[in-house]
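Data first, discussion second: the structure below is written as structure tokens.
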Amino acid sequence: MSRFGRFTAYLRPYRLRMAIAAGLIMAVAGINLGMLWIVRRLVDTVLVQRDPASLDAAVVELGGLFLLQGLLVMGHTYLTTSIGQHVMADFRTHLFTHLQSLSLSFFAWRRTGELMSRVMNDVTALQHTLTDAPIDAAKQIVTLVGGVAILFLMNWRLCLLILLLLPAIVLVARFFGRRLRALSTGIQDETAHSSTILEEVISGIRVVKSFVREDYERGRFAAQIQRTLDIVLKRATIMAIFVPTITFATFAAAAAVLWYGGTQVIRGAMSPGDLVAFVLYAGLLIGPFGTFARFFSQIKEAQGALERVFEILDSKPEVADAPSARPLPSLEGDVTMQRVSFAYDPRSPVLRGISFVAHAGEVVAIVGPTGSGKTTLINLLHRFYDPTEGAVTMDGHDLRSVTLRSLYAQIGLVPQETHLFGSTIHENILYGRIEADEKDVTAAARAANAHDFITAFPDGYETVIGEKGINLSGGQRQRIAIARAVLKNPRILMLDEATSSLDNESELLVQDALDRLMKGRTTFVVAHRLSTIQKADRILVLEHGTIVEEGTHEALLERKGLYYHLYTLRLAETSDAKIS
Numbered sequence: 002m003s004r005f006g007r008f009t010a011y012l013r014p015y016r017l018r019m020a021i022a023a024g025l026i027m028a029v030a031g032i033n034l035g036m037l038w039i040v041r042r043l044v045d046t047v048l049v050q051r052d053p054a055s056l057d058a059a060v061v062e063l064g065g066l067f068l069l070q071g072l073l074v075m076g077h078t079y080l081t082t083s084i085g086q087h088v089m090a091d092f093r094t095h096l097f098t099h100l101q102s103l104s105l106s107f108f109a110w111r112r113t114g115e116l117m118s119r120v121m122n123d124v125t126a127l128q129h130t131l132t133d134a135p136i137d138a139a140k141q142i143v144t145l146v147g148g149v150a151i152l153f154l155m156n157w158r159l160c161l162l163i164l165l166l167l168p169a170i171v172l173v174a175r176f177f178g179r180r181l182r183a184l185s186t187g188i189q190d191e192t193a194h195s196s197t198i199l200e201e202v203i204s205g206i207r208v209v210k211s212f213v214r215e216d217y218e219r220g221r222f223a224a225q226i227q228r229t230l231d232i233v234l235k236r237a238t239i240m241a242i243f244v245p246t247i248t249f250a251t252f253a254a255a256a257a258v259l260w261y262g263g264t265q266v267i268r269g270a271m272s273p274g275d276l277v278a279f280v281l282y283a284g285l286l287i288g289p290f291g292t293f294a295r296f297f298s299q300i301k302e303a304q305g306a307l308e309r310v311f312e313i314l315d316s317k318p319e320v321a322d323a324p325s326a327r328p329l330p331s332l333e334g335d336v337t338m339q340r341v342s343f344a345y346d347p348r349s350p351v352l353r354g355i356s357f358v359a360h361a362g363e364v365v366a367i368v369g370p371t372g373s374g375k376t377t378l379i380n381l382l383h384r385f386y387d388p389t390e391g392a393v394t395m396d397g398h399d400l401r402s403v404t405l406r407s408l409y410a411q412i413g414l415v416p417q418e419t420h421l422f423g424s425t426i427h428e429n430i431l432y433g434r435i436e437a438d439e440k441d442v443t444a445a446a447r448a449a450n451a452h453d454f455i456t457a458f459p460d461g462y463e464t465v466i467g468e469k470g471i472n473l474s475g476g477q478r479q480r481i482a483i484a485r486a487v488l489k490n491p492r493i494l495m496l497d498e499a500t501s502s503l504d505n506e507s508e509l510l511v512q513d514a515l516d517r518l519m520k521g522r523t524t525f526v527v528a529h530r531l532s533t534i535q536k537a538d539r540i541l542v543l544e545h546g547t548i549v550e551e552g553t554h555e556a557l558l559e560r561k562g563l564y565y566h567l568y569t570l571r572l573a574e575t576s577d578a579k580i581s
């Protein structure tokens, strides 16, 4: 229930509108009670008094109340819909913002489809229960309290017959509520798994088709959908028993009222109008009883969704600004690692005691066998992770003592697998600096050797490149990524195997663009190709998470250590000469 309390913070900006909506629907409930009282008088007028003037007056009153009720319902419907949509939009935006604040370690252990399901499906599941339901509850309270008060004044014995069912309804609701909550949480979990499979297959459709795994993926998705269906059917079974049980108990009271009230009319203790009104009021109470029971089940269902959503909101970023963090001044580009160690899992260290100094404007290449820690080293330099031991400094500033935004603003990253957004080429380049003008974008594209192929498209810079740049070649994607980095104009540049998967022609174009980008910047290069590494001012050779060699290309070859071994091994395997 504490999570429900936390959610009310998102309702506060709309509490005035919620109060108005609640007031409108409470007025509707009052009108409903008043209309039944007029029906009571109408029945006695027709059957007992036989007074045409009173009949006309009662009908006019009913017509006026119907009109007023319609206007109130219109206002209530608009307000509740507006409030619900605004609250969910605010909540989704807050959840999305929090997701972006979390560290890479959070995303490393979670699947994209699962997170998407929580932001979209779980939040949708909360909408009615946490926005519409509280307002509707105001109507049911007025109906229940007003109806019971009127019934009690009319005939307290008949009123007690109905109220005897209330404890039974509460017990039934509690019994079924526990099961409904568990099953609803299970449904949300299984739906998230289905979304994950769907997202993986769509994003990896080339691999699925290439390996002819359509049948396998269809079977995997169908099996997951079946698991979801099984839980849904279990919940449907419980709901199928739950709702009729309460409804039957309520109508049983109505039958008792008809029997007892009928005997009172026969004896002359009640008028026909009293009996009709009493039955109608009793029927009106079915709504609150049924609604409160339904609210109870919906709350149980919403608890599961709330737990999943607040699990994200309760997650804290492992890499965050320290309370005393200050903006990082404009960098010259000196970078130092001092006895840095790091482990994703404490049981398996990735880096051990790494120390080096890179001076402003230097190009430092990082090589080593697969799994030696090259990409992890880049992640620590970018401060996607913090070292478990030691410190990383830039111009003497410990990265943990400066704000992340000011640090990231001065770092440019060109990864091996370039991520482009599914919008236009222009928007993807502009991502490097949103406020840049058209001239800056074009200049960045020229520097990245991308302008010619961009203008060759019919739509030029407004060409839509598709999800993750699927409509472009690997070399074209990399050159757009380089143009994006050029536009950002960072002081520190990090290239993580930026040319490893390109053909020779694309590599020459990309490497030429990278040479321009690296000029005057401190650059760290993780690369396989010798053409990239040989130009480095210094080469760091990693093995098992430690620096085993350091020096220039020529000096390391003369030493005939690990670097020499990797070089000669690759030279023997391929004329392309890559270091793995």
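Take the sequence shown: its letters are residues 2 to 581, numbered as in the working numbering.
No residue lacks a Cβ here, since even glycine has one placed at the ideal position from N, Cα and C.
Quick caveat: nothing in here was measured; it's all calculated off a predicted structure.
Does the distance from the C-beta atom of residue i to that of residue j stay below 8 Å?
i	j	result
Asp516	Asn450	no
Arg41	Val277	yes
Val124	Ala366	no
Glu544	Pro328	no
Val280	Leu314	no
Ala306	Leu127	yes
Asn156	Met36	no
Ile426	Ile483	no
Gly362	Leu494	no
Ile357	Met338	According to the sequence displayed, residue 357 carries Phe and not Ile. Closer than 8 Å, so yes.
Gly322	Pro416	Before going on, a small fix: residue 322 reads as Asp here, not Gly. Contact: no.
Ala486	Gly433	yes
Ile151	Tyr282	yes
Ala10	Leu131	no
Ile84	Ala59	no
Gly592	Ile232	Past the edges of the chain, shown from 2 to 581, lies residue 592, and the structure says nothing about it.
With 16 other CB atoms within 10 Å as the buried threshold, where does residue i fall?
i	result
Lys579	Here the model assigns Lys579 a pLDDT of 47, short of 50, so the residue's position is not dependable, and the following value carries that caveat. With 16 or more Cβ atoms within 10 Å of its Cβ, Lys579 is classed as buried.
Tyr462	buried
His452	buried
Ala224	exposed
Gly6	exposed
Asp577	Summary for Asp577: the model assigns pLDDT 47, below 50, so the residue's position carries little reliability, and this model does not support an answer.
Val213	exposed
Pro491	buried
His383	buried
Met395	buried
Gly148	buried
Pro14	exposed
Pro289	buried
Leu332	buried
Ser325	exposed
Ser581	For Ser581, the predicted model reports a pLDDT of 45, less than 50, meaning its position is unreliable; a value from the coordinates is still stated below. It is exposed - the Cβ of Ser581 has fewer than 16 other Cβ atoms within 10 Å.
Ser373	buried
Gln227	exposed
Val364	buried
Asp399	exposed
Lys489	buried
From the DSSP output, read off the bridge partner residues of residue i.
i	result
Phe357	Met338
Phe343	Leu352
Val465	Thr425
Leu494	Gly413 and Thr524
Val365	Phe525 and Arg539
Asp399	Thr394
Gly552	Ile540
Thr443	BP columns for Thr443 are empty, so no partner.
Arg327	Val403
Thr569	Per DSSP, none; premise fails for Thr569.
Thr547	Glu544
Compute the minimum distance between the beta carbon of residue i and the heavy atoms of the ligand SAM, and state whether it is under 7 Å.
i	result
Phe8	The ligand content of the structure shown is nil, which means the ligand SAM is not present either.
Give a yes or no on contact between the segment 512–521 and the segment 549–562, applying the rule of three or more CB pairs nearer than 8 Å. no
Is there contact here, the segment 381–394 with the segment 341–354, by at least three beta-carbon pairs under 8 Å?
yes
Problem - the segment 12–30 in contact with the segment 73–88 per 3-pair CB rule at 8 Å - result: yes
- Query: Can you list the alpha helix (DSSP H) stretches of 4 or more residues lying completely in the segment 105–132, in chain order?
  - Reply: 105–109, 113–118 and 124–128
Can we say the segment 304–323 touches the segment 468–479, given the rule of at least three CB pairs closer than 8 Å?
no
* Given 8 Å as the limit, is there contact between the segment 107–122 and the segment 185–197, that is, 3 or more CB pairs closer than that? -> yes
request  = Say whether the segment 62–71 touches the segment 26–33, bearing in mind that this needs 3 or more beta-carbon pairs closer than 8 Å, one atom from each stretch.
outcome  = yes
- Query: Could you give the uninterrupted runs of the alpha helix (DSSP H) lying entirely in the segment 186–236, keeping only those of 4 residues or more?
  - Reply: 206–211
I'd like the ranges of any alpha helix (DSSP H) spanning at least 4 consecutive residues and lying wholly in the segment 48–104.
53–102
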